[in-house]
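All remarks here apply to the structure that follows.
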DNA sequence: ATATACAGGTTAAACGTTTCGCGATGAGAG
DNA sequence: CTCTCATCGCGAAACGTTTAACCTGTATAT
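Residue numbers (my numbering), protein chains in the order written: chain A, 18 to 353; chain B, 18 to 353.
Structure, rendered in structure tokens:
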């Protein structure tokens, strides 16, 4: 059906080797160049990437594997990854693993079987053998958002510890002493880091921890909704609540609306990610904003470096700073 | 490096043809089956999809091409597309064309060069020759969200006309007579359809049209923000405003917040898409909700049908109904 | 006993490239 | 006029599969 290099050869009277040479930028006489270009145009010839990949073992394609396509935090990162890679001639294959480790394994397998040259992924965590396997096949991998133990590869993350530290500190310097945190699921890297920041700032300001103020959610809307309710129904509820990801922040605000809680009079709130949402709610929400563009670009550049052969030994860790946007959702408490 | 079918053959003492037969589900003696399975496991053999695709001309992969990955409307559709395709053994390659026709052409080319078996795409519109070219290569294409003229392929869309009709009708039956519409860019399919609904319901209720109430935005946050301001600063502003996509709805709400406009007392509002956002703002926003799951599933199934050879002639159009969610953002006007 | 059918296996060609090594041509140097 | 060398083109093998055609041996029907 489609024209092949052979057809071009026949059409020009040259050999396929010469055509191939031309395609790949080799030296060809000007008059032959013309001929070939003409033939390619009239035959509408396109290199068969399958055949080429089979020969060269390179596909100029990188795989991107994320937890969910319906999460704007991840899709924004992808967008900036693509932006960078495109400039270097790389294309991307994006996969969604629905926050499911088994699907993650399958999709990683898929990417490997598609012979991608490299992979950028948000690991679910919990298991790393499938990732190690891919690394063993000499496919460079860059992890984003979450770090994993027992594995040697580049990683690009937000400085989650200080993100949480800064957020909670904002409460503290405004006089809050009982600060609730809606954390992520236990054992997840980002959960642990954000909690570490929460604990550390309490230590630094010599404020005792109250275990009841620390609640583990599931990084989804439902748990944000539920836990906000639970916190507010405590006998001694917090005066400020820090929600540690976007979905749970959505849920928390829905709960606030449904229960007619007045922000920031009845409780102060700091959320996570998505500046647009922060501007849409009333009063405008204070949030921790992760550097999505930066994460994406950094990850892409790190991968490009590996792909160009500069596999200079030890994998590196990039911890990008977050930004704290304080709006009207945090109240200053006069007397303690 | 990686094990090939040849290695498995050598390891088992069988011929590569037999191994291939086994892989593809042919008849093989039980004892040989065992041997092969063992060999595959110990050698960690995986089929080289590049080589297989080269031979078979099928990759069991479908391409998905959308306007933007940062648009949750599209990513939700993709998610349900994937859900269906995965069950039939198909994988997806997702591409983002940043609402740019040139990038769309390049990405479509990329998908074709990856030899995808089929394509699901949101066309930007304006040009169709690249799409026709892909169709000529016998790659079935399903269009979603937007229909195109002069092209013969299956299409899955929302019933935009009646979506707009229903939304505006809600205003009318509550006594509104001056209803503004923040439409999309001119010439875009969805813009025209939604405007058609707006016009039609005015006709049916015998309400004269005021051209000043019809404003063309750009389907982005900025234009939603700007146009809401413009409409409210008219000498004779509308009592209700219908915003015709998600991004512009976000912008409109930001404007409402910044200008301290009271909803629905000073103006009533109906937005578009994203039920979560609707629950997050106060008062809860009335919205037109598109059937994202339905669109995705339908598109996937239509494509699967084509892929299985049932190319039963004429392409079909699927117009899926939207849903109208009325909340407190629409006021009932007592006296006209 | 012979013909038939069929299961299970093999050989070899093909898919569309890239690439190595070699040959031809022609120009400049000696 | 010959030698050297660069330039350009070609033949052929290889990448890892699938698959048509063919072979062998055993079980079944006649």
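Yeah, the Cβ is synthetic: ideal placement off N, Cα and C, and Gly gets one too.
For clarity, every value in this text was computed on a predicted model and none was experimentally measured.
What is the DSSP secondary structure of residue i, reduced to helix, strand or coil?
| i | result |
| --- | --- |
| residue 169 of chain B | coil |
| residue 340 of chain B | strand |
| residue 159 of chain B | strand |
| residue 361 of chain B | Only positions 18 to 353 of chain B appear in the structure, and residue 361 of chain B is not among them; the question remains open. |
| residue 54 of chain A | helix |
| residue 73 of chain A | helix |
| residue 20 of chain A | coil |
| residue 182 of chain A | helix |
| residue 353 of chain B | Its pLDDT being 48, under 50, residue 353 of chain B is placed unreliably in this model, and the coordinates cannot settle the point. |
| residue 78 of chain B | strand |
| residue 273 of chain A | helix |
| residue 371 of chain B | Summary: the structure shown does not reach residue 371 of chain B, with chain B confined to residues 18 through 353, and so no result is reported for it. |
| residue 113 of chain A | strand |
| residue 346 of chain A | coil |
| residue 305 of chain A | strand |
| residue 331 of chain A | coil |
| residue 197 of chain B | strand |
| residue 325 of chain B | coil |
| residue 83 of chain A | strand |
If residue i sits next to residue j, beta carbons under 8 Å apart, how far is it from one beta carbon to the other, in whole angstroms?
| i | j | result |
| --- | --- | --- |
| residue 249 of chain A | residue 199 of chain A | Their Cβ separation, rounded to whole angstroms, is 12 Å, which puts residue 249 of chain A and residue 199 of chain A out of contact at 8 Å. |
| residue 139 of chain A | residue 84 of chain A | 5 Å |
| residue 175 of chain A | residue 337 of chain A | 6 Å |
| residue 137 of chain A | residue 98 of chain A | 6 Å |
| residue 350 of chain B | residue 193 of chain B | 6 Å |
| residue 79 of chain A | residue 145 of chain A | Incorrect: roughly 20 Å between the Cβ atoms, too far for contact. |
| residue 339 of chain B | residue 180 of chain B | 4 Å |
| residue 298 of chain A | residue 187 of chain A | About 18 Å; that fails the 8 Å criterion. |
| residue 148 of chain B | residue 128 of chain B | At roughly 11 Å, the Cβ-Cβ gap does not stay under 8 Å, so residue 148 of chain B and residue 128 of chain B are not in contact. |
| residue 56 of chain B | residue 92 of chain B | Going by Cβ atoms, the distance from residue 56 of chain B to residue 92 of chain B rounds to 42 Å, so no, they are not a contact pair. |
| residue 184 of chain B | residue 287 of chain B | 5 Å |
Going along chain B in order, which residues have a C-beta closer than 7 Å to the C-beta of residue i?
| i | result |
| --- | --- |
| residue 67 of chain A | 67, 70, 71 and 132 |
| residue 127 of chain A | 108 |
| residue 271 of chain A | 296 and 297 |
| residue 111 of chain A | 111 |
Cβ closer than 7 Å: which chain A residues qualify as neighbours of residue i?
| i | result |
| --- | --- |
| residue 154 of chain B | 19 |
| residue 95 of chain B | 86 |
| residue 306 of chain B | Within 7 Å Cβ-Cβ: nothing; residue 306 of chain B doesn't reach chain A, min ~15 Å. |
| residue 99 of chain B | 113 |
Between which two residues does the beta strand (DSSP E) containing residue i stretch?
| i | result |
| --- | --- |
| residue 138 of chain A | 135 to 138 |
| residue 231 of chain A | 231 to 233 |
| residue 288 of chain A | 285 to 289 |
| residue 240 of chain A | Segment 238 to 249 is the alpha helix (DSSP H) holding residue 240 of chain A; no beta strand (DSSP E) there. |
| residue 258 of chain B | 257 to 260 |
Rounded to a whole number of angstroms, what is the C-alpha to C-alpha distance between residue i and residue j?
| i | j | result |
| --- | --- | --- |
| residue 36 of chain A | residue 48 of chain A | 13 Å |
| residue 206 of chain A | residue 164 of chain A | 6 Å |
| residue 34 of chain A | residue 59 of chain B | 39 Å |
| residue 26 of chain B | residue 19 of chain B | 14 Å |
| residue 239 of chain B | residue 301 of chain B | 22 Å |
| residue 90 of chain A | residue 229 of chain A | 29 Å |
| residue 196 of chain A | residue 272 of chain A | 18 Å |
| residue 39 of chain A | residue 51 of chain A | 11 Å |
| residue 353 of chain B | residue 202 of chain B | Any reading at residue 353 of chain B needs caution, since the residue's pLDDT is 48, under 50, leaving its predicted position unreliable; the model's value is listed next. When rounded, the distance between both Cα atoms is 32 Å. |
| residue 333 of chain B | residue 291 of chain B | 28 Å |
| residue 74 of chain B | residue 65 of chain B | 14 Å |
| residue 160 of chain A | residue 344 of chain B | 42 Å |
| residue 261 of chain B | residue 280 of chain A | 30 Å |
| residue 234 of chain A | residue 244 of chain A | 7 Å |
| residue 77 of chain B | residue 267 of chain A | 37 Å |
Return the first residue and the last residue of the alpha helix (DSSP H) that residue i is part of.
| i | result |
| --- | --- |
| residue 215 of chain A | 206 to 221 |
| residue 279 of chain A | Segment: none, residue 279 of chain A is in no alpha helix (DSSP H) and carries neither H nor E. |
| residue 296 of chain B | 292 to 297 |
| residue 146 of chain B | 146 to 153 |
| residue 102 of chain B | 89 to 104 |
Check the Cβ of residue i against every Cβ in chain A and list those closer than 9 Å, keeping chain order.
| i | result |
| --- | --- |
| residue 63 of chain B | 126, 129 and 130 |
| residue 92 of chain B | 85, 86, 87, 88, 89, 92 and 113 |
Can you pull the chain B neighbours of residue i, defined as C-beta to C-beta under 9 Å?
| i | result |
| --- | --- |
| residue 267 of chain A | 293, 294, 296 and 297 |
| residue 274 of chain A | 296, 297, 298, 299, 300 and 301 |
Could you tell me which chain A residues have their CB closer than 8 Å to the CB of residue i, listed as they occur along the chain?
| i | result |
| --- | --- |
| residue 238 of chain B | 293 |
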